[in-house]
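Read the structure below first, then the notes.
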Amino acid sequence: MKLYNSITKSVEPFTPLENNRVRMYSCGPTVYSYQHIGNLRTYTFSDLLKRSLQFAGFRVLHAMNVTDVGHLTDDADAGEDKIERAARAAGRDAWAMTEIFKAKFFEDCAGLNILPPDIVCRATDHIAEQIAMIQKMEDKGLTYCNADGIYFDTTKFNPITDLSNMRIQASEEYSRVGTGEKRSSYDFSLWKFSPTGAKRQMEWESPWGVGFPGWHLECSAMSMKYLGETFDIHTGGIDHIPVHHTNEIIQSESVTGKTFAKFWVHAGWLSFGDSEKMSKSAGGTLLLDNILAHGYDPMAFRYLMLTAHYRGPLKFTWEALDGAATALSRIRDFLAESDLSQGNIIESYISTFREHILNDLDTPKGIATLWTLLKDNKVKKDDAARTIIEMDKVLGLRLLLHVSGKTDLEVPAEVLALLTERTALKAAKDYAGADAVRDQITALGFEVMDTPKGPALKLL
RNA sequence: GGUGGCGUAGCCAAGUGGUAAGGCAAUGGUUUGCAAAACCAUCAUGCAUCGGUUCAAAUCCGAUCGCCACCUCCA
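Below, the structure is given as structure tokens:
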């Protein structure tokens, strides 16, 4: 299997550190709000990666964090904790609020057929581990304390893993970010003191004073706790490269003296083809719920995401989603007419498909292979269907639900009666009457299709 | 100003040196009472623009234009 590694900025052969087992960590959501469809693209990507690793024959141990404290509104450490701010603005309890958004996040993931991670860990459940990490850094003389909290002194340590080609070069004259309490703009917060005179909803005792952990720390502490000091793959959104992941590496490697993660794999941005802006602050977010409310199947959105390469940008437009929905529906119709039990996996097609997927998760080519197979007249339909279902282990489009025998429609008696009536009217050549009845059936949510075998119904 | 990236048909999108994948839409046809669905066929001498390198360029180089992201909240 080959994967793009942000460290080397190239596609490299991937082999696990330990035999057949892959240990993978994904930066999860910050649960101060809903996750929009751009966020969900990143999690769909990590799911695709996990499924592809499994398809390649690896066993995957997958951990994901839930950030429920400490993620500031400003990566330069000068902002406010997003959780606290959102909770205060809504007049809610921060603890209850994060639980709600966390639950909603996993509900959306389930909707998109994103497999649950083996381990889900919350920052607030790992305060002790984070404090212990800071102490190790302090023992090595890599930290300093100021009025704001404990900071990592980036001038005192050079990490083994070099992500610095992506390091933000702060331009003195242009940057609107001051160093604040920091000695260097590259330094980052490990522990923030609670503001004097104000009690935070979330705060803990520490050897340095009451406060809360810096955002980057949780990922280091939890990933190493569950996956070891060096593990195989770390994933996240492409925006995490310059600050969050760079800092994770620095602090982790400063503590262990070992390479933190071997592969860093990042998902590209979802953007909007129209002028609609997608940002949380602009309030222009689009949620999975919005897509569902428009009547789309979540699998149509997943299909759309798979037609683009995970690293590149993807323009979301309703027109593109329409196209994806239609394409998916045609695949489903094809499967519904097939008998899986009579089908065998076609080796030539599945190996081409596998080749594409194992080459840095090339789902666009994988899907193109699926269509070539679907339209190949030389292939027995049942065999094609069986092979497509095999492909779906990676694609995760829940195609098995649409194979014949699995989608028995529950047609109301009323609709069946109308269908019988229409057939009779047709036989009597009363076409106006037959069309009127067809309209009634349509109004009840079913489409009438006249096939060579007689009339058939499809759920609209 | 710095950094990363992008510009391929009406839409989405593959394609990093060898002559433009795939899907949607559209058009024509088969079928149908008519539709729909299905099936067949057609659909970029062209890859933002202009130069250059090469036997060969969407792919490499230079310039120009436009767009996006990060450096200020984002995955």
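According to the numbering used here, the first sequence is numbered sequentially starting from 410. Where is the CB? At the ideal position from N, CA and C, for every residue including glycine.
Secondary structure at V469: strand, using DSSP grouped into helix, strand and coil.
Out of K511, E493 and A496, the CA that lies nearest to the CA of V475 is found in K511. Within a 10 Å sphere around the beta-carbon of I509 sit fewer than 16 other beta-carbons, which makes this residue exposed.
Taking a contact to require three or more Cβ pairs closer than 8 Å, the stretch 417-436 and the stretch 631-644 qualify as touching. Under DSSP, A865 forms a beta bridge with M858.
In the three-state reduction of the DSSP assignment, L809 falls in the helix class, which pools H, G and I. When DSSP reads this structure, R531 sits in a beta bridge with V475. Here A498 is actually not in contact with M506; their C-beta atoms are around 10 Å apart, not less than 8 Å. Spanning the alpha carbons of L695 and I776 requires a straight line of approximately 26 Å. For W678, the secondary structure class from DSSP, reduced to helix, strand or coil, is coil. In the same chain as K545, and ignoring 5 residues on each side of it, the C-beta atoms closer than 7 Å to its own belong to V664, in chain order.
Here the alpha carbons of W624 and I650 stand approximately 14 Å from one another. Less than 7 Å separates the beta-carbon of L524 from that of D456.
In its chain, beyond the 5 residues on either side, T778, L782 and T796 have a beta carbon closer than 7 Å to the beta carbon of Y758.
Within 10 angstroms of the beta-carbon of N699 lie fewer than 16 other beta-carbons, which makes it exposed. DSSP, read as helix, strand or coil, puts E421 in strand. Taken atom to atom, the span from the alpha-carbon of D771 to that of T655 is near 27 Å. Beta-carbon to beta-carbon, Y712 and A736 are separated by about 7 Å, close enough to satisfy the 8 Å threshold.
Relative to the Cα of I754, the nearest Cα in the group D792, A733, R720 and F762 belongs to D792. Nearest to R807 by C-alpha distance, out of R531, R847 and A709, is A709.
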